[in-house]
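Before any comments, here is the structure.
Numbering (mature numbering (1 follows the signal peptide of the UniProt record, and there is no 0)), first residue to last: -21 to -1, 1 to 444.
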C-alpha cells in the first residue's frame, strides 16, 4: 500500500478535496451583548474583560485581557489524543501600544546595518527628541518614545509569549528542536517596525538567542501578511459597510454624538477631526494604552478637574468591541472584504498544508508570523469566529497539523488541523467547520480554495486588479 509521500496518496488527497463542496458563504456570528447596540450603550463595565493590567491571575487565565491576551501555554494547553501526531505548527499573532509624558528611557530601538563578514557596528538606537525650538509640535504623547514603539512592558510580554510557546512545543510536546534550527523554524514580520520589535523579544524568549536571526519580510507594496497589496474592492467593501445608511454602524454613530462631544470637550480633540469621529478606534487606543500602563486617564489641559472617567472609558471599550464585531463578522460584506485583502496569505498557508502532506516542505516544523490586529481580525473573519472581539495585544491564532494512522500498519495517514485562539480550540459559525478540533485537511483546503483559489489565483479578480 503506498505511503503518503507517493503520487497516488497525494492524488487521493486531492481527489477527496475536489469531491468536497464546502460552503463558502457568510454565516452570522452568535448574538451576544458585544454586538447588541442597546446593551452596548446601556451596560456598565466591559463584559468582565481586563483593560488595566497585563497580568491575568492563573485562575482567570483565558479571560479577555486587552493588555496581554491569553495565549498558548502549558498550564491550559489542551493536549491532542494520543493517536494524533503533531507534524506542523503555524502561528499568527499581533504585537502587544497629550498632556502626560510617555518616556521610553528604559529601552532602545536599535537601528544599524552590519556586514556579515567585516567590521562590527555600534549598537545604535533611536531616542525620541523633543525640539524646544520647533514651533510645529506633534500631537499625542510627549516624551522620549519614538512611536510606533512597544513599551518595555510590551517587550517583556512578548518575551514571555515566546517562552510559553517554547514550553508547550518543546518541553511539553518534544516537537520543536532545543536550539534554533532555521531549516525547521522560521519567523516573519511586516514592514511595520513594531513587528520586528516583538519578534526579537519573542525569539529570545523561545531560544535565548542574542545573536543574528533572519526575519522574513515582503515588499511594502505587496506584503500579504499586513496586508498591504492593492485591493480596491476590499477597501470599498469595508468602507461601504461603514458608509451605508440604515445599518448598525450608522445607528451607533448617530446614538453616540452627545457622548463623543463629552469626550472631545475633555480631551481637546476638534469636532471636525474626522479621524477621531469616524469610529471609536482612536479613543479606544489612547484610553486603553493609558490604563494598561497604569497612567491616569486624560484631563482637560485648561481645567484639570475635568477628566475622562473610567465609566466613560468602559463605554468607549464596549463601542470598540461592537465596531470590530460589526466590521469583521456582523456585516455580510465582512467575509468578501477580509477574503480578498488577506487572501494571498490564506493561499500561502494552504500551500504550506499541501506541502506538509505531500512531504515537500523540507524539514520545516514551525512558522511564526508577527502581524497586526487587522491581519488577525481578517483571519478570524475568514474562519468565521462565533463571537468576534477586537484582538488585544499579543492575540494569537495557532494552526496545528496532525497526522493519524489510517490502518493498522500505519502505511497510510490521514491529516487534520486544529485551530487555537487565545490558547483554546476555536469555534466557527460555519457549519462545515464548527469546533475547529481535528478538521480533516481536505475540508479546510476546500474551504480556503473556494474563497481564494489555489495559489491565490482568484485574489486579483476579487480585488478588482
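All C-beta atoms, glycine included, are put in the ideal place defined by N, C-alpha and C. Quantities reported herein were computed from a predicted structural model and do not represent experimental measurements.
For this session: Can you tell me which of the three DSSP states residue 434 falls into?
Result: Working through the chain shown from its first residue, we reach residue 434 at position 455. Note: residue 434 maps to helix in three-state DSSP.
Exercise. What first and last residue would you give for the beta strand (DSSP E) that runs through residue 66?
Worked result: Position 87 of the chain shown, counting from 1, holds the residue named residue 66. Here the beta strand (DSSP E) through residue 66 covers 63 to 73.
Problem set entry | Enclosing beta strand (DSSP E) for residue 399 [first to last residue] | Taking the chain shown and counting its residues from 1, one reaches residue 399 at position 420. Where residue 399 is concerned, the enclosing beta strand (DSSP E) stretches over 392 to 400.
Exercise. Can the beta-carbon of residue 163 be found less than 9 angstroms from the beta-carbon of residue 342?
Worked result: In the chain shown, residue 163 corresponds to position 184, counting from 1. In the chain shown, residue 342 corresponds to position 363, counting from 1. In this structure, the beta-carbon distance from residue 163 to residue 342 falls below 9 angstroms.
Exercise. Which residues in the same chain as residue 138 place their Cβ atom closer than 8 angstroms to its Cβ, once the five residues preceding and following it in sequence are excluded?
Worked result: Residue numbering aside, residue 138 sits at position 159 when the chain shown is read from its first letter. Around residue 138: 180, 181, 183, 184.
Exercise. Which residues in the same chain as residue 445 place their Cβ atom closer than 8 angstroms to its Cβ, once the five residues preceding and following it in sequence are excluded?
Worked result: With the chain covering -21 to 444 only, the question about residue 445 has no answer from this structure.
For this session: Tell me whether residue 206 is buried or exposed, calling it buried when 16 or more other Cβ atoms sit within 10 Å of its Cβ.
Result: Taking the first residue of the chain shown as position 1, residue 206 is located at position 227. Buried, since its Cβ has 16 or more Cβ neighbours within 10 Å.
Exercise. Does the separation of the CB atoms of residue 381 and residue 155 fall below 9 angstroms?
Worked result: In the chain shown, the residue the question calls residue 381 occupies position 402. In the chain shown, the residue the question calls residue 155 occupies position 176. Result no, Cβ atoms of residue 381 and residue 155 do not sit closer than 9 angstroms.
Exercise. When burial is assigned at 16 or more other CB atoms within 10 Å of the CB, is residue 309 buried or exposed?
Worked result: Numbered from its first residue, the chain shown carries residue 309 at position 330. Of the other Cβ atoms in all chains shown, 16 or more fall within 10 Å of the Cβ of residue 309; this residue is therefore buried.
Exercise. Between the beta-carbon of residue 216 and the beta-carbon of residue 315, is there less than 9 angstroms?
Worked result: Mapped onto the chain shown, residue 216 falls at position 237. Mapped onto the chain shown, residue 315 falls at position 336. When the beta-carbon positions are compared, residue 216 and residue 315 come within less than 9 angstroms of each other.
Exercise. Three-state secondary structure (DSSP) at residue 195?
Worked result: On the chain shown, position 216 is the one that residue 195 refers to. If DSSP states are grouped into helix, strand and coil, residue 195 belongs with the strands.
Problem set entry | Other residues of its chain near residue 286: CB distance less than 8 angstroms, five sequence neighbours each side excluded | For the purposes of this step, residue 286 is taken as residue 307 along the chain shown, with counting starting at 1. The residues are 245, 275, 276, 277, 278, 279.
Problem set entry | Three-state secondary structure (DSSP) of residue 176 | Taking the first residue of the chain shown as position 1, residue 176 is located at position 197. Helix.
For this session: Quickly, what does DSSP pair residue 44 with across the bridge? List them, please.
Result: Sequence index remark: in the chain shown, residue 44 carries index 65 (1-based). For residue 44, which the question treats as bridged, DSSP gives the partners 29.
For this session: To the nearest angstrom, report how far apart residue 373 and residue 31 are at their CA atoms.
Result: The residue you call residue 373 lines up with position 394 of the chain shown. The residue you call residue 31 lines up with position 52 of the chain shown. In this structure, the CA atom of residue 373 is about 15 angstroms from the CA atom of residue 31.
Problem set entry | Residue range of the alpha helix (DSSP H) that includes residue 361 | As a working note, residue 361 is residue 382 in the chain shown. Start and end: 352 to 362.
Problem set entry | Secondary structure of residue 376, DSSP reduced to three states | Taking the first residue of the chain shown as position 1, residue 376 is located at position 397. Collapsing the DSSP output to three states places residue 376 in a strand.
For this session: Would you kindly check if the distance between the Cβ of residue 260 and the Cβ of residue 197 is under 9 angstroms?
Result: Sequence index remark: in the chain shown, residue 197 carries index 218 (1-based). Sequence index remark: in the chain shown, residue 260 carries index 281 (1-based). For residue 197 and residue 260, no; Cβs fall outside 9 angstroms.
Problem set entry | Close-in-space but distant-in-sequence residues of the same chain around residue 435 (CB under 7 angstroms, 5 per side omitted) | Here residue 435 corresponds to residue number 456 of the chain shown, with the count starting at 1. In its chain, beyond the 5 residues on either side, 322, 323, 326 have a beta carbon closer than 7 angstroms to the beta carbon of residue 435.
Problem set entry | Enclosing alpha helix (DSSP H) for residue 166 [first to last residue] | Indexing the chain shown from 1 puts residue 166 at position 187. Segment 164 to 167 is the beta strand (DSSP E) holding residue 166; no alpha helix (DSSP H) there.
Exercise. Would residue 356 pass as a contact of residue 41 if the rule is Cβ separation under 9 angstroms?
Worked result: Here the question's residue 356 lines up with position 377 in the chain shown. Here the question's residue 41 lines up with position 62 in the chain shown. Going by C-beta atoms, residue 356 is not nearer than 9 angstroms to residue 41.
Exercise. Taking Cβ positions, are residue 407 and residue 399 nearer each other than 9 angstroms?
Worked result: The residue labelled residue 407 in the question sits at position 428 within the chain shown. The residue labelled residue 399 in the question sits at position 420 within the chain shown. Result no, Cβ atoms of residue 407 and residue 399 do not sit closer than 9 angstroms.
Exercise. When DSSP labels each residue in this structure, what does residue 211 get in the three-state scheme?
Worked result: As a working note, residue 211 is residue 232 in the chain shown. Assigned with DSSP and collapsed to three states, residue 211 falls in helix.
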